[in-house]
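Residue numbers (this note's numbering): 43 to 626.
Step one of this worksheet: look at the structure below.
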Ligand code: ASP
């Protein structure tokens, strides 16, 4: 046998056994007459001991073995005299009596330790080395477990895992498609799926009743931090369901996954209408691990000759409990924070409720203390609190306050990665208006059904119609989203009309779906979860990149294989394409 044990399984009960191990040299230490090697594989680290007096040749050889050499060793398991409590195998070591170098290694460009000295780019270039590190191995093991438990749970609930094609025609998730030129069909292209949306709906028309797939999706978006051009979804669809059936089923899936992978019982899933989420938290994916709601003060604050407020369409604030002691410098920092272009506020008005009962504010000139106290009664401020107020356009200031709320949550350490606060955001609008063109866009996608009572609004006032759509949000992260779907042609046509699709455009893009609806479509609905994000969330991490084995960088490049790249002249020709000539 190549090896009889792995590097993570030996304990003191194995003392006296003769074993063979194989793995990578994590590090070696020379201590006078003794040399020690930490041998690493996926399962752990085991200490190897070489004694100069017992076998000088072997010890010499061990000394010459560099980091990341791959070796095979045999020897006896010994109880250690000084035990290492940090290591599961820390009670034992191997007294090596045979040793083979299986493969030499150059010095790696960064150290392969939990805390490495390698920068992001370097680690991406040598991803196979980065992947040797423990934290990444743990992440990928967690990801595997999540996928396994997803399959177990959904299989138990009668879902079938069915594959859908990758080479398709445009799908409607609102991003740009990646396209693949066809060699056999000149001037024609496939598109890679932004999601299997249409196929899963067709599977419902075909009577599969419950479908799921852990599936790659492709979206050619301008890259924002922590977006990947290809990412994985747990994609699901069910027939003969109402919203409640879907929410119940997938709340159970989330519970199952958190229980089985990280031993966490999720608390109750609150239901929050979209409008309320925006009003209270300035976000459609609120982090409700902490409260700190936005308090609308538009009426309260006007009429004191403070021009900024008097001319503002919207004034609102948050109560940062216990922050009255903030210094001038702290407040300046917060002001800088809200003035950043991504946040977009013009300034910040602060009001301190001092412990001695007095009030100090940035607008003392305009409001007497008692008057201010009355006007701000709604915020529930008490001595020790700090009220932070923004004013301006409602939509953008709600968002800005939402960001400020998260910032204060961070500062006050109210966003612990080991706490989980799930909720469903429901009652999204059907459509969003593009501020520039005035054009309506589907907020979710064009197959989303309107709320039952809003069906009639589709033709008369589509901008006011609510959708039968829902998002699962945990800790301020949108982990999943879906909707009940339209299953008849008339409603579907009304939506295409609202979106300003001509009949021809609709027919050309989605005709097959509309046609399918002619042949008996069951009421259906579904959801898709961002699988990479779910993995990061369960591990309490923000970045999805460390949960994908071979991710792209922020510019959408794979630095290891160096993609995208050009292709040979022959390939260009076969594909009936011409490279653009660089104009001189
Ligand atoms: N296809 C949708 C998405 O990718 C999810 C769904 O509606 O099921 O966001």
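Glycine is no exception: its CB is placed at the ideal position from the N, C-alpha and C atoms.
All of these numbers come straight from a predicted model, not from anything done at the bench.
Are the region 109-125 and the region 66-79 touching by the rule of at least three beta carbon pairs closer than 8 Å? The region 109-125, when compared against the region 66-79, does touch it at the 8 Å Cβ threshold.
Just to check my reading of the structure: residue 606 and residue 614 have Cβ atoms closer than 8 Å, yes? What is that Cβ distance to the nearest angstrom? Contact doesn't hold; Cβ gap of about 14 Å is too wide.
Rounded Cβ spacing between residue 526 and residue 567 (contact assumed at less than 8 Å): Their Cβ separation, rounded to whole angstroms, is 4 Å, which keeps residue 526 and residue 567 in contact under 8 Å.
Who are the Cβ neighbours of residue 206 in its own chain at under 6 Å, not counting the five residues just before and after it? 238 and 241
Within the chosen definition, does the region 295-315 reach the region 566-584 through at least 3 CB pairs nearer than 8 Å? With a cut-off of 8 Å, the region 566-584 and the region 295-315 count as touching, because enough Cβ pairs lie within range.
Any contact of the region 463-482 with the region 312-324, i.e. 3+ C-beta pairs under 8 Å? yes
Between the Cα of residue 577 and those of 476, 53, 81 and 183, spot the shortest distance and give me the residue it belongs to. 183
Using a 10 Å radius around the Cβ and a threshold of 16 neighbouring Cβ atoms, would you call residue 496 buried or exposed? buried
Could you have a look at residue 450 and say whether DSSP puts it in helix, strand or coil? helix
Looking at C-alpha atoms only, which residue of 370, 177 and 52 is the closest neighbour of residue 118? 52
For residue 247, which of helix, strand or coil comes out of DSSP? helix
Own chain, CB closer than 8 Å to residue 175, minus 5 neighbours either side, in chain order: 154, 155, 156 and 158
Rounded C-alpha distance that separates residue 171 from residue 80: The straight-line gap from Cα to Cα measures roughly 17 Å.
Start-end ranges of the beta strand (DSSP E) lying completely within the region 334-413, minimum 3 residues: Counting whole runs of 3 or more residues, the region 334-413 contains the beta strand (DSSP E) stretches 356-362, 391-395 and 401-403.
Distance check for residue 257 and residue 281, CA to CA, integer angstroms please. Each residue's Cα considered, the two are about 20 Å apart.
For a test of your reading of the model: does the CB of residue 487 fall under 7 Å from any non-hydrogen atom of the ligand ASP? Yes or no. yes
What number of angstroms, rounded off, separates the C-alpha of residue 543 from the C-alpha of residue 233? Each residue's alpha carbon lies about 20 Å from the other.
Leaving aside the five residues before and after residue 165 along the sequence, list all residues of the same chain whose C-beta is less than 6 Å from its C-beta, in chain order. 172
Cβ pair residue 195, residue 220 closer than 8 Å: no
Could you give the C-beta distance for residue 192 and residue 90, rounded to a whole number, given that I count them as a contact under 8 Å? About 39 Å separates the beta carbons of residue 192 and residue 90, which is beyond the 8 Å limit, so they are not a contact pair.
For residue 514, does the count of other Cβ atoms within 10 angstroms reach 16, so buried, or fall short, so exposed? buried
Determine, using beta carbons only, whether residue 230 comes closer than 8 Å to chain C. Any reference to chain C falls outside this structure, which holds one protein chain only.
Using only alpha-carbon positions, find the residue among 427, 371 and 385 that is nearest to residue 398. 427
Spatial neighbours of residue 201 within its chain, please: CB distance less than 6 Å, with the 5 preceding and 5 following residues excluded, ordered by chain position. 252 and 254
Pairwise C-alpha distance: residue 487 and residue 511: 10 Å
Rounding to the nearest angstrom, what Cα-Cα distance links residue 454 and residue 333 in this structure? Computed Cα separation, rounded: 12 Å.
Shorter than 7 Å, the distance from the beta carbon of residue 210 to the closest heavy atom of the ligand ASP, or not? no
Are there 16 or more other CB atoms within 10 angstroms of the CB of residue 585, so buried, or fewer, so exposed? Looking at its Cβ environment, which holds fewer than 16 other Cβ atoms inside 10 Å, residue 585 is exposed.
Just how far apart, CA to CA, sit residue 401 and residue 327? One alpha carbon belongs to residue 401, the other to residue 327, and they sit about 34 Å apart.
In chain order, which alpha helix (DSSP H) runs of at least 4 residues are fully inside the region 254-321? 285-304
Answer yes or no: the CB of residue 474 versus the heavy atoms of the ligand ASP, is any distance below 7 Å? no
Give me whichever residues DSSP pairs with residue 116 in a beta bridge. 62 and 140
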